[in-house]
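All remarks here apply to the structure that follows.
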Amino acid sequence: MQPYVSLKNVSHSYPTDKGKSVLALQNVSFDIEKHQFVAVVGPSGCGKSTLLRLLSGLMMPTEGQVNIFGTAVTEPRDEIGIVFQQPTLLPWLNVTENVVFPVKHKTGRVSSQTRSQAQKMIEMVGLADFAKRMPNELSGGMQQRVGIARALLMDPEILIMDEPFSALDALTREEMGFELLRIWNESPKTVLFITHSITEAVLLADKVLIMSPRPGRLSAQIDIQLPRPRSAETIHDPAFATYASEIRQHIYHPHKAGEDSKASVTAINKKLVNL
Amino acid sequence: MTHFSALNRYLPALTLLMLLPAWEVICRSFDVPAYLFPSPSLIFESFMEVEPARWLEHLWATLRVALLGFGLSLMISIPLAMLMVNSQYLSKTLYPFLVIVQSTPVVAIAPLLITMFGSGEAPRLAITCLITFFPLVVSAMTGMLATPPELIDLSRSLRAPRYKEVLAIRLPYSLPHIFSGMKVAITLSIIGAVVAEFVAAEQGLGYFIQFSTSFFKVPQAFAALIFLSLISLALFKLVHWIQSYFFGWTLTKGKA
Ligand SMILES: Nc1ncnc2c1ncn2[C@@H]1O[C@H](COP(=O)(O)OP(=O)(O)OP(=O)(O)O)[C@@H](O)[C@H]1O
Ligand SMILES: [Mg+2]
Numbered sequence: 001m002q003p004y005v006s007l008k009n010v011s012h013s014y015p016t017d018k019g020k021s022v023l024a025l026q027n028v029s030f031d032i033e034k035h036q037f038v039a040v041v042g043p044s045g046c047g048k049s050t051l052l053r054l055l056s057g058l059m060m061p062t063e064g065q066v067n068i069f070g071t072a073v074t075e076p077r078d079e080i081g082i083v084f085q086q087p088t089l090l091p092w093l094n095v096t097e098n099v100v101f102p103v104k105h106k107t108g109r110v111s112s113q114t115r116s117q118a119q120k121m122i123e124m125v126g127l128a129d130f131a132k133r134m135p136n137e138l139s140g141g142m143q144q145r146v147g148i149a150r151a152l153l154m155d156p157e158i159l160i161m162d163e164p165f166s167a168l169d170a171l172t173r174e175e176m177g178f179e180l181l182r183i184w185n186e187s188p189k190t191v192l193f194i195t196h197s198i199t200e201a202v203l204l205a206d207k208v209l210i211m212s213p214r215p216g217r218l219s220a221q222i223d224i225q226l227p228r229p230r231s232a233e234t235i236h237d238p239a240f241a242t243y244a245s246e247i248r249q250h251i252y253h254p255h256k257a258g259e260d261s262k263a264s265v266t267a268i269n270k271k272l273v274n275l
Numbered sequence: 001m002t003h004f005s006a007l008n009r010y011l012p013a014l015t016l017l018m019l020l021p022a023w024e025v026i027c028r029s030f031d032v033p034a035y036l037f038p039s040p041s042l043i044f045e046s047f048m049e050v051e052p053a054r055w056l057e058h059l060w061a062t063l064r065v066a067l068l069g070f071g072l073s074l075m076i077s078i079p080l081a082m083l084m085v086n087s088q089y090l091s092k093t094l095y096p097f098l099v100i101v102q103s104t105p106v107v108a109i110a111p112l113l114i115t116m117f118g119s120g121e122a123p124r125l126a127i128t129c130l131i132t133f134f135p136l137v138v139s140a141m142t143g144m145l146a147t148p149p150e151l152i153d154l155s156r157s158l159r160a161p162r163y164k165e166v167l168a169i170r171l172p173y174s175l176p177h178i179f180s181g182m183k184v185a186i187t188l189s190i191i192g193a194v195v196a197e198f199v200a201a202e203q204g205l206g207y208f209i210q211f212s213t214s215f216f217k218v219p220q221a222f223a224a225l226i227f228l229s230l231i232s233l234a235l236f237k238l239v240h241w242i243q244s245y246f247f248g249w250t251l252t253k254g255k256a
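Read top to bottom, the protein sequences are chains A and B. Residue 1 is where the first sequence starts when you use UniProt numbering, and the numbers rise one by one after that. Residue 1 is where the second sequence starts when you use UniProt numbering, and the numbers rise one by one after that.
Here you go:
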């Protein structure tokens with residue numbers, strides 16, 4: 001069977017002013033299965049946002065193939081919802097209008113059904129009292145939440161999120177993470193979740209992709225087989241710590257992260273499966 | 001706090017009011033001739049000598065040319081800026097021309113325009129248009145190009161057509177810039193109208209100043225000058241009011 005989303009030997013370089021080019025991604029390959037929750041971690045500048053732009057069809061890779069549903073991505077598609085790294089709100093529209101903006105921009109009109117859906121999404125991200133406020137009256141974290149509500153509005157089959165919680169405080173962040181899992185559980189979708197937080201990645205994902213910087217490469221893929229539904233309790237699971245330290249090893253000591261820790265993860269995964 | 005800000009608000013007017021007696025006293029005690037620098041009381045007297053209807057006539061003539069020229073300029077410059085932002089080719093070819101036109105003194109072109117267009121209202125509009133054009137195009141283009149790339153990505157991810165990207169995202173995003181450009185341009189429009197009247201007109205405050213000075217009625221010219229400053233100020237305030245009333249978000253410094 002075809003994988004739902006797949007990257008095959010994808011490299012991407014950006015042209016620079018002086019005619020040279022910056023290699024942002026080098027030979028990246030991975031598959032995502034339908035309704036899988038995949039997290040991407042890696043240091044700043046390793047090409048995570050580049051990955052988002054390639055998957056969402058905003059640009060073509062200079063080498064390799066990006067496939068969705070078995071066909072090559074050549075342009076942006078309707079099935080994908082994107083949460084950008086910067087909260088890209090339109091400063092002249094209030095929260096509700098910002099949330100329905102994609103529909104309006106695409107079709108020229110917004111049905112009352114879409115509007116009530118928008119209301120629900122705004123409530124879901126905890127901004128019910130701010131529905132009529134303008135973006136410049138919101139904090140950075142609130143703006144990010146509007147961006148999340150906007151991406152979820154049309155219930156996309158694929159959701160790509162670029163550090164969606166980076167401007168949130170630790171408490172709201174955790175809460176939003178579980179909220180995301182609840183939505184994902186309720187209306188299953190394929191998620192690519194870019195984050196700087198190892199804890200967040202392990203807590204949310206089925207699979208964590210670890211990237212190494214300059215040029216961005218995929219240094220490891222780790223399956224997280226913690227039981228679902230996950231909650232704040234999951235953090236106390238001993239397996240949780242093993243996964244986290246394994247990922248940490250890969251990020252900070254990519255060459256040393258060898259057989260020992262891999263063996264321990266495999267052992268844990270086996271144990272979890274047997275449970 | 002409130003009385004302090006009230007003081008702040010009226011400070012310019014208060015300063016002016018306090019300067020008036022000083023001006024009067026200096027003119028009188030040094031016997032400054034009226035044809036060089038008239039005293040406020042003399043200016044006021046000569047202001048009263050001219051019938052209100054005639055003042056209104058001149059005022060309206062100037063205001064009309066300024067506003068029509070400004071409006072015309074706005075109607076040409078914003079679409080042009082949109083086209084130039086959309087096409088590298090167009091902006092590369094047109095921009096140098098705009099700079100050349102801008103760096104040629106309008107005062108020097110004015111007589112030429114009048115020989116070209118005749119002595120009607122057309123050359124006056126053309127001159128006003130010319131002088132207000134550059135700040136409007138440049139501010140609109142700057143604003144549209146300053147649109148965050150993520151907003152453009154958002155539009156492209158929806159596969160929205162290019163014209164929508166410009167109309168629904170770049171244009172509104174550039175409004176704060178356009179308003180700054182408009183504030184510069186609206187005061188320039190009065191200058192344009194006056195310059196045009198200096199060259200050829202039978203009406204207008206510019207014409208009135210030229211006419212008065214050629215008959216050594218300097219106090220009258222001063223009265224017209226004060227009128228001109230007041231119109232400029234009022235138009236500037238009007239633009240600001242429109243901005244804050246209809247586009248309040250352009251004035252608040254936000255993170256968005
Ligand atoms: N438009 C561009 N032009 C040139 N180089 C770029 C461009 N966008 C990204 N890069 C380069 O590509 C590399 C990867 O950038 P990218 O934005 O994908 O990183 P990232 O992993 O998202 O970083 P962060 O975690 O800081 O957001 C960086 O070295 C960056 O300098
Ligand atoms: Mg990034």
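For glycine and all other residues, C-beta sits at the position ideal for the given N, C-alpha and C. Predicted, not measured: the structure shown is a model, and the values here were computed from it.
C-alpha gap between residue i and residue j, whole angstroms
{"i": "Phe30/B", "j": "Leu83/B", "result": "60 Å"}
{"i": "Ile148/A", "j": "Leu154/B", "result": "13 Å"}
{"i": "Tyr10/B", "j": "Leu125/B", "result": "35 Å"}
{"i": "Ala256/B", "j": "Met144/B", "result": "Because Ala256/B carries a pLDDT of 40, less than 50, the predicted location of this residue cannot be relied on, and the following value inherits that uncertainty. Straight-line Cα distance between these residues: approximately 16 Å."}
{"i": "Ile127/B", "j": "Val106/B", "result": "7 Å"}
{"i": "Ile114/B", "j": "Gly120/B", "result": "8 Å"}
{"i": "Pro191/B", "j": "Leu230/B", "result": "The question names Pro, yet the displayed sequence has Ile at residue 191/B. Cα to Cα, the separation comes out at about 13 Å."}
{"i": "Phe117/B", "j": "Ala110/B", "result": "10 Å"}
{"i": "Glu233/A", "j": "Ile183/A", "result": "19 Å"}
{"i": "Leu188/B", "j": "Asn98/A", "result": "37 Å"}
{"i": "Ser11/A", "j": "Gln85/A", "result": "21 Å"}
{"i": "Glu179/A", "j": "Asp162/A", "result": "17 Å"}
{"i": "Gln26/A", "j": "Pro215/A", "result": "6 Å"}
{"i": "Val83/A", "j": "Gln102/B", "result": "43 Å"}
{"i": "residue 321/A", "j": "Pro87/A", "result": "Past the boundaries of the shown model lies residue 321/A; chain A is included only from 1 to 275, so the question cannot be answered."}
{"i": "Gly126/A", "j": "Glu186/A", "result": "18 Å"}
{"i": "Leu233/B", "j": "Phe133/B", "result": "20 Å"}
Residues near residue i in its chain [Cβ-Cβ closer than 6 Å; skip 5 each side]
{"i": "Gly254/B", "result": "Its pLDDT being 48, under 50, Gly254/B is placed unreliably by the model, and the measurement read from it follows with that caveat. Excluding positions up to five away in sequence, the list is empty."}
{"i": "Lys104/A", "result": "Val110"}
{"i": "Tyr207/B", "result": "Glu197, Ala201"}
{"i": "residue 262/B", "result": "With chain B represented from 1 up to 256, any question about residue 262/B goes unanswered, as that position is not in the structure."}
{"i": "Ala220/A", "result": "Ile210, His250"}
{"i": "Ile68/A", "result": "Val5"}
{"i": "Leu52/A", "result": "Ile160, Asp162"}
Residue i, DSSP secondary structure in three states
{"i": "Ala256/B", "result": "Its pLDDT being 40, under 50, Ala256/B is placed unreliably in this model, and the coordinates cannot settle the point."}
{"i": "Ala167/A", "result": "coil"}
{"i": "Ile224/A", "result": "coil"}
{"i": "Ser39/B", "result": "coil"}
{"i": "His177/B", "result": "helix"}
{"i": "Met211/A", "result": "strand"}
{"i": "His35/A", "result": "coil"}
{"i": "Asp155/A", "result": "coil"}
{"i": "Gly19/A", "result": "coil"}
{"i": "Tyr4/A", "result": "coil"}
{"i": "Asp206/A", "result": "coil"}
{"i": "Phe215/B", "result": "coil"}
Proximal residues of chain C, C-beta to C-beta of residue i below 7 Å
{"i": "His105/A", "result": "Of the protein chains in this structure, namely A and B, none is chain C."}
Own chain residues within Cβ distance below 7 Å of residue i, not counting five before or after
{"i": "Lys13/A", "result": "The sequence shown places Ser at residue 13/A, rather than the Lys named in the question. Excluding positions up to five away in sequence, the list reads Ser21, Val22, Leu23, Ala24, Thr62."}
{"i": "Glu165/B", "result": "Ile152, Ser155"}
{"i": "Lys34/A", "result": "Tyr4, Thr190"}
Near ligand 1: residue i beta-carbon under 6 Å from a heavy atom
{"i": "Ala24/A", "result": "yes"}
{"i": "Lys48/A", "result": "yes"}
{"i": "Tyr14/A", "result": "yes"}
{"i": "Gly64/A", "result": "no"}
{"i": "residue 309/A", "result": "The question about residue 309/A has no answer, for chain A in this structure spans 1 to 275."}
Heavy atom of ligand 2 within 6 Å of residue i beta-carbon
{"i": "Gln113/A", "result": "no"}
{"i": "Gln144/A", "result": "no"}
{"i": "Gln243/B", "result": "no"}
{"i": "Gln86/A", "result": "no"}
Residues near residue i in its chain [Cβ-Cβ closer than 8 Å; skip 5 each side]
{"i": "Pro91/A", "result": "Met134, Pro135, Asn136"}
Is it the case that the stretch 193 to 201 of chain A contacts the stretch 147 to 166 of chain A, given that we only count it when at least three CB pairs across the two stretches are under 8 Å? yes
Is the stretch 193 to 206 of chain B in contact with the stretch 59 to 67 of chain B, if contact means three or more CB pairs nearer than 8 Å? yes
Does the stretch 155 to 163 of chain A come close enough to the stretch 63 to 79 of chain A to have 3 or more Cβ pairs within less than 8 Å? yes
Does the pairing of the stretch 203 to 220 of chain B with the stretch 155 to 174 of chain B give three or more beta-carbon distances under 8 Å? no
Inter-stretch contact (C-beta, 8 Å, three-pair minimum) for the stretch 170 to 189 of chain A and the stretch 199 to 209 of chain A: yes
Does the stretch 181 to 194 of chain A come close enough to the stretch 33 to 41 of chain A to have 3 or more Cβ pairs within less than 8 Å? yes
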